[in-house]
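A short write-up of the structure that comes next.
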Amino acid sequence: MAAPASPEAVPAAALAALSVADAPAAAAASASTAGDKQQQEKKEQAGGDDAEDSGDDEGEEEGAAAAGGDAAAKKKKKKKKKKKTGAAGGAQANACGVALFCQGPRVAPPAGTPSPYNANKAVKHRQQLSPVSVAVADMFKDKIFPEGQILPHGGEFNTFRTGSEEKRAADRLYDSMLTDLREAAEVHRQVRSDFMRWVKPGKTMIEISQYIERGTRAGLGLKYEAPPVLERGWGFPTGCSLNHVAAHYTPNYKDTTVLKEADVCKIDFGVQINGHIIDCAFTLAFDPRYDPLLQAVQEATNTGLKAAGVDVRLSDIGGEIQEVMESFEVELNGVTHRVKPIRNLCGHNIGRYSIHAGKSVPIVRNQDHTKMEEGELYAIETFGSTGRGMVLEDGECSHYMKVFDRAQEFRPLRTKGAKDLLRHIDTHHGTLAFARRWLDDNGATGHMAGLRELTDAGIVSKHPPLVDIKGSYTAQFEHTFFLKPSSKEILSRGDDY
Ligand code: CO
Ligand code: CO
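Under this note's numbering, the first residue of the sequence shown is numbered 6, with each subsequent residue one higher.
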């Protein structure tokens, strides 16, 4: 999920200024098939034994090259030369040397096909299937889940942390929380990997969301049909925002929207265990024309991840993100667009059962001097746009969440419907964000009046879709990481992005 910046960042006049540009004609150029092969190759390396290797970069540039096509040509020279690590692919590789998220047409494997996830090679293990149906906990011996990518904290002043015995000892404090987060991250990786092999134009947005939601529950060892529990489950509704919609769209029932070849779709889904949430997102596009846009955002996110660290100013991270994002351009239908960061969307820190715990990581430089601190969990997410680079709320709301700070407050409610619904939310979602579909699925049908009463009373907040100008395209990449005393761990990092 994305954290919108404070409301004053959106002048009222902005709404009026939003002109409705013509949506570019769907070009639907046939995408390269290289994406499939490349994805296949990368998946083969996935698994538990690779845990130790995750720190040193895969150094794969072939992935970027496959889908990137003319991305290199589109990319502007950066004013400040940034040293790239891990990959020899030059402009094709991103800041972390991780291959560009692959694209191209995909063919759904038949149900029951073994997934490339073949976890712990050292022991008899269970292998993941497609669709995801094996609990990740059953794939790893003694429930030792793979670590994320380990990076040093950003900032010269943090070099002492690497190799500090004292800091390493202090890392241990977070072991049990990190076990939960690593399991949740592994579920995320396996679900998205399987999803990418399955998804193709023509699927409805409901099918897309439910495929991910089913996979997440199976990966967590839960039955899809069983009602949600607070111990483990979805972190928040499955975002699948399309084109100019940047965030907070998931279909409600009756929504018949279908994914099209020319769409740019942001898949943002969460996995939580004991309230420890992995919030991680990528952009799905079939048409390679969007590659430079996706690459801009992926590199911007990786730049933010690299810069993050204890005592690093959030605004400085935003500044670095902005610089990288704005160094890209994308050409669509003969018009060249400088990629703009969406300035009123932010990353955020994450608390227990609290997706937005109060701190924001901007994606442009600002005047805020707040710093990151040891022991904090963050999601850095960046959004690039060919539109205004600013979003407003628009469209039917699907995302709701109990207001965390008021979770314990007693508030009188008028109707039985609202009281029952509040009890339902407390039981199944607590202070986690939820989708209207999930209420319908679990017996709270006809919830709209009750939901309105709860939002009017300030007990539940609504999070409508956040949109840029119609006709524009937006992309997003997001990872969750933890600031351990000795290093930071990019928990949700995979070999895909
Ligand atoms: Co987020
Ligand atoms: Co998110």
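Ideal Cβ placement from N, Cα and C applies to all residues, glycine included.
Here Pro-9 carries a strand assignment [DSSP, helix/strand/coil]. In the DSSP assignment, Lys-493 is bridged to Leu-156, Leu-488. Gly-455 carries a helical assignment under DSSP once its states are collapsed to helix, strand and coil. Within the chosen limit of 7 Å, ligand 1 does not reach the beta carbon of Met-377 with any heavy atom. By the rule of a C-beta closer than 6 Å to any heavy atom of ligand 1, the residues picked out are Met-6, Ala-7, Asp-284, His-353, Ala-384, Glu-386, Glu-483.
For His-374, there is no enclosing beta strand (DSSP E), since its DSSP letter is neither H nor E. Secondary structure note for Asp-273: its beta strand (DSSP E) is the uninterrupted segment 269-278. The nearest non-hydrogen atom of ligand 2 is 7 Å or more from the C-beta of Asp-268. Secondary structure at Asp-316: coil, using DSSP grouped into helix, strand and coil.
Relative to ligand 2, Asp-273 has its C-beta within less than 7 Å of a heavy atom. The Cβ atoms of Val-315 and Met-395 do not sit closer than 8 Å to each other. Here the stretch 220-229 does not lie against the stretch 362-381, with fewer than 3 beta-carbon pairs under 8 Å apart. Inclusion of Glu-458 and Thr-432 in the CB contact set at 8 Å is not warranted, their separation being larger than that value. One Cα belongs to Lys-475, the other to Ala-175, and the distance between them is close to 49 Å.
When distances are taken from the beta-carbon of Ala-286 to the heavy atoms of ligand 2, the shortest one is below 7 Å.
The Cβ atoms of His-468 and Pro-233 do not sit closer than 8 Å to each other.
Bounds of any alpha helix (DSSP H) do not take in Ala-362, whose DSSP letter is neither H nor E. In this structure the stretch 189-197 touches the stretch 273-282; the number of beta carbon pairs closer than 8 Å is three or more.
For Leu-382, the enclosing beta strand (DSSP E) stretches over residues 382-390.
Glu-379 and Lys-489 have their C-alpha atoms some 6 Å from each other. DSSP links Pro-470 through a beta bridge to no other residue. In this structure, the beta-carbon distance from Val-329 to Thr-308 falls below 8 Å. Contact between Leu-247 and Ile-495 does not hold, since the beta-carbon distance rounds to 27 Å and is not under 8 Å. Annotation: Met-144 is outside any beta strand (DSSP E) and is labelled neither H nor E by DSSP. Counting other Cβ atoms within 10 Å of its Cβ, Tyr-258 stays below 16 and is therefore classed as exposed.
The criterion of a C-beta distance shorter than 8 Å is satisfied by Ile-282 and Gly-240.
By the neighbour-count criterion, in which 16 or more other beta carbons inside 10 Å mark a residue as buried, Asp-199 falls on the buried side. A straight line joining the alpha-carbon of Thr-479 with that of Tyr-254 spans about 13 Å. Taking a contact to require three or more Cβ pairs closer than 8 Å, the stretch 348-359 and the stretch 381-390 qualify as touching. Boundaries of the beta strand (DSSP E) around Tyr-405: 404-407. With contacts defined by Cβ atoms closer than 8 Å, Thr-436 and Lys-407 form a contacting pair. Beta-bridge partners assigned by DSSP to Gln-481: Phe-388. The C-alpha of Gln-327 is placed about 5 Å away from the C-alpha of Val-369. Assignment of Asn-338 by DSSP, reduced to helix, strand and coil, places it in the coil class. The continuous alpha helix (DSSP H) containing Val-196 extends over residues 180-203.
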